[in-house]
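Count the sequence shown with the working numbering and you get residues 230 to 309, in order. Even for Gly, the Cβ is constructed at its ideal location relative to N, Cα and C. Just so we're clear, the structure is a prediction, and the values are computed from it rather than from any experiment.
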Amino acid sequence: MHRFTPAVYLAAGAIIGGLAVACTAGANQPNMQAALGSLQAARGELLQARPNKGGHRERALNFVNAAISETEAGINYAGN
Numbered sequence: 230m231h232r233f234t235p236a237v238y239l240a241a242g243a244i245i246g247g248l249a250v251a252c253t254a255g256a257n258q259p260n261m262q263a264a265l266g267s268l269q270a271a272r273g274e275l276l277q278a279r280p281n282k283g284g285h286r287e288r289a290l291n292f293v294n295a296a297i298s299e300t301e302a303g304i305n306y307a308g309n
């Protein structure tokens, strides 16, 4: 059974919520900005976690970093 920190679950929720809003987002994007903040907080928590997780922490960091990039791209796309 895989165990993730609450920050990872929060990040996943932020990704899903952010993607749902991205389709109708305009220049003012409070949901995407909130999702980005949550993802950045999750990344901070993962960076502080001890690296004794059998590679799962590192994979989670990669996923969160990718989600941050995608969220930023969505913000930039909708702002154009």
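Item, Value
"GLN277, enclosing alpha helix (DSSP H) - first and last residue", "259-277"
"As assigned by DSSP and simplified to three states, the class of PHE292", "helix"
"Alpha-carbon to alpha-carbon, GLY303 and ARG288", "22 Å"
"Buried/exposed call for GLN277, threshold 16 Cβ in 10 Å", "exposed"
"Own chain partners of GLU301 with C-beta closer than 7 Å, once the 5 adjacent residues on each side are dropped", "LEU265"
"Proximity to ALA263 [Cα-Cα], best of GLY284, LEU275 and ILE297", "ILE297"
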